[in-house]
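For reference, the structure discussed in these notes is given below.
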Amino acid sequence: MSRTRRARWLGVCALGLAAVLIAFAAPPPAPQTLIAISGDGSLTLRWEAVPGATSYTLGRRTSATTGNYTMVATGITALTHTDTGRTNGTPYYYIVTATGPDGTSGPSNQARGTPVAALPEGTVVRWPLANSSAADADVIRYAFGPRNIGRYDFHAGLDLNAAQGTPVHAVMAGTVTNRIEWDGVTTGSGNNLLVSHGAGRWTAYLHLHGFAAGIGIGSAVSAGQIIGYVGKTGATSNHLHFTYFVGLASEASNEMRSRSPLELLPRTTGVGAQAVFSTSGNRTVDILIPAQHNTIRWIILRGAGVTRLVDYYDIVGQGSTLRDNPNQSGLLLQVAAPTIPYPGGGGTVQLVVSPDPEAPWGDFEPTRITVLDFHGNTLVDRTAYEAWKLTHGLALDAADDSDADTDGLPLLVEYALDLDPHVATWVGAPQFVRADADRVEFTYRRRRPELSYTVEASTDLVNWSAAEVTQDFAVTGDQVTATATLGAAGRKFLRLSVTR
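Residues 2 to 501, numbered by our numbering, are exactly what the sequence shown covers, in order.
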């Protein structure tokens, strides 16, 4: 090789090496899943770790779409930061970036948060129909969030069914700041009241049949005082639509500032959700949660290197038209028809989540879903697993002995809850027992004989019992066959728990 050609070759190699070095010397990827959790005069920001990041920078602004971000903090080495000195009732918008040895990432998803004042010590909060401060005193028909009323919409409050004329009580002490009388024609909120409770909090009571005597703008009301009566003005059926607002800009209801009323009302805590990954190839994940305990705020779906996050408060903040679009932040949200005991309330919400096929990053196969409540507590966090969705109805006619769907509801039989496959595995799919059409038979393997295995059944994802399950129906080596009673029409969920 001539000296000139050798020099050219070395030059090309040097350029190639430089290109490789430049390719590897890249900043870290942008952080994902930034959320903002409300506090009194503060917001706590949380995000997930980024590979290669040595620190993080947090930015804030007061508009969802315009204006520059003010730098809140730099050099953050934790995965959380509390931004103090914020004004209660004011929405704030945040991003976080990651910094590594080779630069700074692009921005994360934008997180919305609104600080809210703590309730004064001794404050009594009551459910509006039961007039009780007991947990879950009223039965919820439709919770805050996506719902199915023959079409998809996003519900910005709670619907509580009751007969016409049922007294409606103020949930806390406050002052009536708006009273609107129905015009007798318009579909909408009907007769309704807005009550200010101070410290940037309001509650609204819609579709009233009428107002209690003496209740008008300026009326001071006490917790539990009757302020109106259940009706269906502006609606098609008797119920109370109850709304909770934080940070209204005027004494007029604005559902862009609504929040889940379960932030305010006495409720049972610690009730989680369930997630069932589809095995039919349609890339959906079913989230199941009792309507009575539907405290969902954030849904995070991951797969194929893509992470998408939906924030209910971000959705409702778009206004009544945009919030009713089921395509949100790269996810498609769908809701199954309400379950028995609908329409009275108390059923299970079945939310079907999937990647938005029209999103620019395209469709992807979900491999993990995380659902958080409005305090940032985890309701469910699980990875894809084998699950069975049987299309047979639960109220099978034993004489007919057919697989006809007689109640219009699917049977969801859930896979073992987050069990290591070295501990237990399911074998095949559940089968209906032909001789006894209200039972289903299933098989699993005990991988660790020193552990105790129990199969439990539930119809509401809250109350689990082994009483309906015949344990150890047949045992062959480490393989166990058992049966579970399906009972009345509805959904049956099975879980396999292991204890030492």
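Yeah, the Cβ is synthetic: ideal placement off N, Cα and C, and Gly gets one too.
Can the beta-carbon of V353 be found closer than 9 Å to that of V336? yes
Between the Cα of G53 and the Cα atoms of D41, H82, A468 and D103, which residue gives the shortest distance? D103
Ends of the alpha helix (DSSP H) at D315? Y313 to V317
Can you pull the DSSP bridge partners for W128? Note: W128 sits in no beta bridge, so no partner.
Span separating the alpha-carbon of D404 from that of G306: Because the pLDDT at D404 is just 35, under 50, the model does not fix this residue reliably, and the value given afterwards should be weighed accordingly. One C-alpha to the other measures close to 40 Å.
Do W128 and A138 have their CB atoms nearer than 9 Å? yes
Hey, would you say S43 sits closer than 9 Å to I77, going by beta carbons? no
If you count every other CB in all the chains shown that lies within 10 Å of the CB of V481, and 16 or more means buried, which is it? buried
With 16 as the cutoff for other CB atoms within 10 Å, does D287 come out buried or exposed? buried
What distance in whole Å lies between the Cβ atoms of T71 and R87, which are believed to be in contact at a cut-off of 8 Å? Contact flag wrong, Cβ pair sits at about 12 Å.
Would P358 be called buried (16 or more neighbouring beta carbons within 10 Å of its own) or exposed? exposed
Given N149 as reference, the closest of D364, S355, F375 and Q351 once Cα atoms are compared: Q351
With H, G and I counted as helix, E and B as strand and the rest as coil, what does DSSP make of Q111? coil
Just list the residues that DSSP pairs F443 with in beta bridges. A483
For the beta strand (DSSP E) containing W203, name the first residue and the last one. R202 to L209
How long is the line joining the alpha carbons of S223 and R298, rounded to whole angstroms? 30 Å
Helix, strand or coil: how does DSSP classify M72 here? strand
Determine the DSSP secondary structure at E457, reduced to helix, strand or coil. strand
N- and C-terminal bounds of the beta strand (DSSP E) containing G146: G146 to N149
Limits of the beta strand (DSSP E) - the one that R213 falls within: Correcting the residue type first, residue 213 is Ala in the shown sequence and not Arg. Run containing A213: none; DSSP gives neither H nor E here.
Proximal residues to I141 (C-beta, below 8 Å), its chain only, five neighbours per side dropped: L159, D160, L161, A292, Q293, N295, G346 and G347
What are the start and end residues of the beta strand (DSSP E) that includes L352? T349 to P356
Cutoff 6 Å; reference T176; Cβ partners in own chain excluding five residues on either side: S197 and A221
G60: first and last residue of the uninterrupted beta strand (DSSP E) it sits in: S56 to R62
Using only CA atoms, which one of T188, E442 and I216 lies nearest to L194? I216
Determine the burial state of Y230: buried for a count of at least 16 other Cβ atoms within 10 Å of its Cβ, exposed for fewer. buried
Identify the residues that DSSP records as bridge partners of I297: which are they? D374
What are the boundary residues of the beta strand (DSSP E) that includes N192? N192 to G199
For the candidate residues T244, V126, T486 and G331, whose alpha-carbon lies nearest to that of R303? G331
How many angstroms separate the CA atom of G478 from the CA atom of L289? 35 Å
Whole-angstrom distance between A338 and T349, CA atom to CA atom: 10 Å
If we count Cβ pairs, one from each stretch, closer than 8 Å, do we get three or more for the stretch 359-377 versus the stretch 172-190? no
So, is the C-beta of A138 closer than 9 Å to a C-beta in chain B? No chain B is present in this structure, which holds just one protein chain.
Would you tell me roughly how many angstroms separate the C-alpha atoms of L323 and A79, rounded to the nearest one? 35 Å
Chain-order list of residues whose beta-carbon lies under 7 Å from that of H376 (same chain, five-residue window excluded): I38
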